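Data first, discussion second: the structure below is written as structure tokens.
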């Protein structure tokens, strides 16, 4: 079986996708490694590396402060990046985009700046069982601070209707599970949440990599993701929120550039979005991510995702030939999670690492979901358009060797 598509399959004149050309943009793959851990963090293309290097070597300056040319250029790049993010997720305004340090910080910001002043004892926060710890722990913390309750939800739409009540204030759900690859019906969920006058918080860290999102059409109140999952730098997160919600939120961090005036008697906070961006931002990260957003415009994302799912289907068909294998992930998903009965997942990872094959094992930062699945950890391979059939074949071959050693 050969996975791929030729130029004859392309149907958009301004965008294209060929696996070979896409893969060639990632220098890390020149190390003869097989990288199957992209759900943890994606590899970085030349576009991001070059932009970051250029900032540090040619145009290092701060942003939104100094008036010399280099600083003005950096400020303009950050403004452009903010608008490009708004375009990517179909936000109504770039003022609704906040730079954070990652998805985790974004959820903590919502929990402390929006939820904490709002919640009262007995109020309810519904959180799905699918969630990464970053979309669970902030809600447990703020519940402990306010006397609110965190309500466990299976992610089934019908169950959500039964769980919603007059006490429900917030519903938190992932766009795509980092364990199973399951994608909840956000449109139906959003309708139910807003019928009960609650707020919908969506974790897009995995989903935005594989699926388009329109936060306006879906009526999402808060949406967060991390740049590093989408080929970008680490240490940079994006938080979208409706303007009306941001306007009523208290600031969480204080420092430079988040205020208009201050004295020892108090301060007047800046306009959106700057009031939530105290201190010097991750300038190099934003510059690098802006290059990614421009680079992504070259590629036909639908064809890239179709190719990736073809590759995942091929990988799962090969895994199905093994005995004593138990799957936890959805079919046709670029995330494949499984265990080999009677073999510890970490033993597999160690032996594969010796052959320069990178996978993820363990609880995948989702202990409640792992408990529901009845395991204490699993093997996860996660595919991206820069992977190819040779990667999968190498993985399968070395996995078979590892099993022979460990049984």
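Numbering (our numbering), first residue to last: 64 to 470. Where is the CB? At the ideal position from N, CA and C, for every residue including glycine. Quantities reported herein were computed from a predicted structural model and do not represent experimental measurements.
Can you tell me whether residue 101 is buried or exposed, with buried defined as 16 or more other CB within 10 angstroms of its CB? As a first step, residue 101 is located in the chain shown; it is residue number 38 there, counting from the start. Buried, since its Cβ has 16 or more Cβ neighbours within 10 Å.
Below 8 Å, how does it come out for the stretch 351 to 367 and the stretch 293 to 300: are there three or more Cβ pairs, yes or no? yes
Closest residue to residue 472 among 345, 109, 468, 393 (Cα-Cα distance): As shown, the chain starts at 64 and ends at 470. That puts residue 472 outside it, with no answer to give.
Compare the C-alpha of residue 444 against each of 436, 435, 438, 456 and name the closest. Numbered from its first residue, the chain shown carries residue 444 at position 381. Residue 444 has its Cα closest to that of 456, out of 436, 435, 438, 456.
Hey, could you find the ends of the alpha helix (DSSP H) residue 461 is sitting in? Within the chain shown, numbered from 1, the residue matching residue 461 stands at position 398. Residues 452 to 469.
What residue does the alpha helix (DSSP H) around residue 377 start on, and which one ends it? The residue labelled residue 377 in the question sits at position 314 within the chain shown. Where residue 377 is concerned, the enclosing alpha helix (DSSP H) stretches over 364 to 382.
Whole-angstrom distance between residue 135 and residue 193, CA atom to CA atom: Reading the chain shown from its first residue, position 130 is the one you call residue 193. Reading the chain shown from its first residue, position 72 is the one you call residue 135. Going from the Cα of residue 193 to the Cα of residue 135 covers about 43 Å.
Sequence-distant residues of the same chain with beta carbon closer than 8 Å to residue 206, five excluded per side: The count along the chain shown starts at 1 and reaches residue 206 at position 143. Around residue 206: 182, 188, 212, 213.
In whole angstroms, what is the alpha-carbon distance linking residue 292 and residue 328? For the purposes of this step, residue 292 is taken as the residue at position 229 of the chain shown. For the purposes of this step, residue 328 is taken as the residue at position 265 of the chain shown. So the two alpha carbons sit approximately 42 Å from each other.
Which first and last residues belong to the alpha helix (DSSP H) in which residue 535 is found? Here the chain has residues from 64 to 470 only, and residue 535 is not among them.
Can you give me the start and stop residues for the alpha helix (DSSP H) that residue 146 sits inside? The residue you call residue 146 lines up with position 83 of the chain shown. It spans 132 to 152 - the alpha helix (DSSP H) in which residue 146 sits, taken as one unbroken run.
Taking the C-alpha atoms as reference points, what is the distance between residue 210 and residue 260? Sequence index remark: in the chain shown, residue 210 carries index 147 (1-based). Sequence index remark: in the chain shown, residue 260 carries index 197 (1-based). So the two alpha carbons sit approximately 20 Å from each other.
Grab the span of the alpha helix (DSSP H) containing residue 207 for me, first residue to last. The count along the chain shown starts at 1 and reaches residue 207 at position 144. Residues 200 to 209.
For residue 332, name the three-state secondary structure that DSSP assigns. On the chain shown, position 269 is the one that residue 332 refers to. In this structure, residue 332 counts as strand in the three-state DSSP scheme.
Buried versus exposed call for residue 80 [16 or more other C-beta atoms within 10 Å across all chains shown]: Locating residue 80 in the chain shown gives position 17, counting from the first residue. Burial call: buried.
Rounded straight-line distance, which links the Cα of residue 127 to that of residue 360: As a first step, residue 360 is located in the chain shown; it is residue number 297 there, counting from the start. As a first step, residue 127 is located in the chain shown; it is residue number 64 there, counting from the start. Residue 360 and residue 127: Cα-Cα distance of roughly 27 Å.
Where does residue 232 fall in DSSP's three states? Looking up residue 232 in the chain shown gives position 169. In the structure shown, residue 232 sits in a strand (DSSP, three-state: E or B).
Residue 440 and residue 461 - do their beta-carbons sit closer together than 7 Å? Start at 1 with the first residue of the chain shown, and residue 461 comes out as number 398. Start at 1 with the first residue of the chain shown, and residue 440 comes out as number 377. No.
Does DSSP classify residue 80 as helix, strand or coil? The count along the chain shown starts at 1 and reaches residue 80 at position 17. Here residue 80 sits in coil by DSSP.
Residue 130 classed as buried or exposed, judged by whether at least 16 other C-beta atoms fall within 10 angstroms: For the purposes of this step, residue 130 is taken as residue 67 along the chain shown, with counting starting at 1. Exposed: under 16 other Cβ atoms inside 10 Å.
Report the rounded CA-to-CA distance for residue 362 versus residue 180, giving the unit in angstroms. On the chain shown, position 299 is the one that residue 362 refers to. On the chain shown, position 117 is the one that residue 180 refers to. Their Cα atoms are separated by approximately 43 Å.
Beta-carbon gap between residue 195 and residue 429 smaller than 7 Å: Here the question's residue 195 lines up with position 132 in the chain shown. Here the question's residue 429 lines up with position 366 in the chain shown. Result yes, Cβ atoms of residue 195 and residue 429 sit closer than 7 Å.
Determine, using beta carbons only, whether residue 103 and residue 423 come nearer to each other than 7 Å. Here residue 103 refers to the residue found at position 40 when the chain shown is read from its first residue. Here residue 423 refers to the residue found at position 360 when the chain shown is read from its first residue. Result yes, Cβ atoms of residue 103 and residue 423 sit closer than 7 Å.
Could you say which of 99, 268, 394 lies nearest to residue 301 if we only look at CA atoms? Against the chain shown, residue 301 aligns to sequence position 238. Here the closest residue by C-alpha is 268.
Cut-off 7 Å between Cβ atoms - residues of its own chain near residue 231, not counting five sequence neighbours on either side: Taking the first residue of the chain shown as 1, we reach residue 231 at position 168. Closer than 7 Å at Cβ, skipping near neighbours: 187, 189, 259, 261.
In whole angstroms, what is the alpha-carbon distance linking residue 138 and residue 119? Position 75 of the chain shown, counted from the first residue, corresponds to residue 138. Position 56 of the chain shown, counted from the first residue, corresponds to residue 119. Cα-Cα distance, rounded: 15 Å.
Can you find the residues in the same chain that come closer than 6 Å, C-beta to C-beta, to residue 145, ignoring five residues on each side of it along the sequence? In the chain shown, counting from the first residue as 1, residue 145 sits at position 82. Hits under 6 Å: 157, 160.
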